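Heads up, the thing below is written out as structure tokens.
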Amino acid sequence: SDKTADSNNGSASAVLRKVVTSSAFGYGIMFLILANMVILGVEVDASRHLPPDENPDYFFIINNSIVCLFVLEIILKLMAFGCKTFFCGRDRGWNIFDCIIVALSLVESASDLISRNMAAEADTSAAPMDAGHLRVARFTRLIRALRGVRVVRLLRFISSLRAILFSISSTLGSLAWTLVLLMIVFYCFGVIIAQLVSDHCRYHLSPEDPEHLRCAVSLGMWDGVPESMMTLFHSITGGLSWVEAFTPLREISSLAAAFMYVYIVMTVFAVLNVVTGVFCNTAIENAKADKDIAVMKQMQKHRTQVEALRAVFNDIEVNQSKLINLSELKVAMQESKLGSFMESMDISTKDIWTLFMLIDADESGEISIDEFVAGCIEIQGPAKSIQLA
């Protein structure tokens, strides 16, 4: 009986594992996440016109229903894979992240429920809200502010977004050193230009001169090293036109104007372009090194090849029998388009008979579409092409 129970448990786990790893289950969870995102945005937008701590009941019901479905997802995965595989397996990072997000959602639902109950009691007794209720309300608002993190779960189900995120995260080291370099550039030019502006206002204009006040106002963006650094930063990031920052300098010092020209030319045409190249190179190298991205690209390549080979088979097959023979393959390979496509897959078309024999796995003298696709994928590559040459 114990063996029977273990067998039943194993079969149930296998069925659950098949369910939670199916495409339909993944698309269903992805739809829930997207729906949660939309409802969250609608709720935040609608709550702008509502009194504090008041939220329509339908938002409360919908949000808690979605949270319950997320909890059900975690339970099903735990039952399918077991705690050890779930928390220590290949996808342990995503699984732990999902658990944290769902736990935060449960805390939010619980605090929202407590807050609602306290508000209802306060309305019934007509007494002002006590300090405990205010603390719960503030905690609920804090937890609600973290609901946007749920959107990150979408990355688990969309590999392209995950690849982009990994590429961005891989450039953070380069970003840190880029910021250091730019800070050095900002500081050097900021000190030089601020010194020239300060000297002009101090030595060329007396405090009683009305021109001194106008100078101080017009050169406010260069009034000190921090202001100068911020102006230089804005000048190359779109926050401020560099011409607006340059015009006051041209009126007081040709040397300050020259340094501003040098700064703009050096940062826009040299530093930023080099930094962009470093970022792109780092992202590409790390994307190639990442195993998940490599597997994803290989799977995409395989799907593309299968679709292309199926289209080639349909072009070769002319008698609607869903089979092709040696003569049909020879005729088709004489066409430059099909022959060039096979060569692009590193499949030699010099010896059609040998190619046919290698693809014809059951040696029936005819090739089905599945045989054609599987055979071509198996024999592609330089090493196999040598056998056909």
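The numbering used here applies: residue 6 is where the sequence shown begins, and numbers increase by one. All residues carry an ideal CB built from backbone N, CA and C; glycine is no exception. As the structure is a computational prediction, the values presented were derived from the model and not from experiment.
Measure from the alpha carbon of residue i to the alpha carbon of each residue in the options, then state which is nearest.
i, options, result
"Q325", "I357, I374, L277", "I374"
"N319", "I372, L277, C285", "I372"
"L328", "L186, D351, F377, C285", "F377"
"F102", "R158, V230, L111", "R158"
"V25", "N41, V49, M84", "M84"
"I105", "K302, I148, L55", "I148"
"F251", "F75, Q385, A199, N291", "A199"
"L160", "N100, V190, L111", "N100"
"N291", "I169, C73, F144, I321", "I169"
"A108", "A263, C73, L343, A17", "C73"
"E48", "F65, G33, Y32", "F65"
"S175", "N286, S16, S27, H307", "N286"
"A275", "I357, K335, T183, E340", "T183"
"E383", "D356, H307, V20", "H307"
"G33", "A115, E78, G98, V185", "E78"
"V273", "R255, G31, S179, S240", "S240"
"K335", "L180, R315, I357, D62", "I357"
Is residue j closer than 8 Å to residue i when the C-beta atoms are compared?
i, j, result
"M226", "T242", "no"
"F162", "M271", "no"
"A261", "V202", "yes"
"V267", "V230", "no"
"I44", "I67", "yes"
"T359", "M338", "no"
"F191", "F238", "yes"
"M350", "Q305", "no"
"I352", "Q385", "yes"
"N330", "G370", "yes"
"V154", "M42", "no"
"R22", "F92", "no"
"I71", "A29", "no"
"F75", "S110", "yes"
"F171", "F264", "no"
"E333", "I321", "yes"
"H205", "S258", "yes"
What does DSSP give as the partner residue(s) for residue i in the beta ladder?
i, result
"I395", "Only positions 6 to 394 of the chain appear in this structure, which leaves residue 395 out of reach."
Which term fits residue i, buried or exposed, when burial requires 16 or more other beta carbons within 10 angstroms of its beta carbon?
i, result
"M347", "buried"
"L187", "buried"
"T281", "exposed"
"D365", "buried"
"V117", "Sequence check: residue 117 is Asp here, not Val. That one is buried."
"N278", "exposed"
"I173", "exposed"
"S233", "buried"
"L166", "exposed"
"L55", "exposed"
"K82", "buried"
"P253", "buried"
"V248", "exposed"
"V317", "buried"
"E113", "buried"
"S16", "exposed"
"S120", "buried"
"L177", "exposed"
"I189", "exposed"
"I80", "exposed"
Would you identify the three-state DSSP class for residue i, choosing helix, strand or coil?
i, result
"E249", "helix"
"K89", "helix"
"A366", "coil"
"R95", "coil"
"Q339", "coil"
"Q200", "helix"
"Q385", "coil"
"D62", "helix"
"G46", "helix"
"L260", "helix"
"M350", "coil"
"I163", "coil"
"L218", "Residue placement at L218 is flagged as unreliable, the pLDDT there being 49, under the threshold of 50; a coordinate-derived value is accordingly withheld."
"E232", "helix"
"G178", "helix"
"K355", "coil"
"G344", "helix"
"L237", "helix"
"G282", "helix"
"L186", "helix"
"N324", "coil"
"S27", "coil"
"G244", "coil"
"L55", "coil"
Consider the C-beta atom of residue i and the heavy atoms of the ligand FMN; say whether any pair is separated by less than 7 Å.
i, result
"F191", "No copy of the ligand FMN appears in this structure; indeed no ligand is present at all."
With a threshold of 8 Å between beta carbons, is residue i in contact with chain C?
i, result
"S326", "Here chain C cannot be found, since the structure has a single protein chain."
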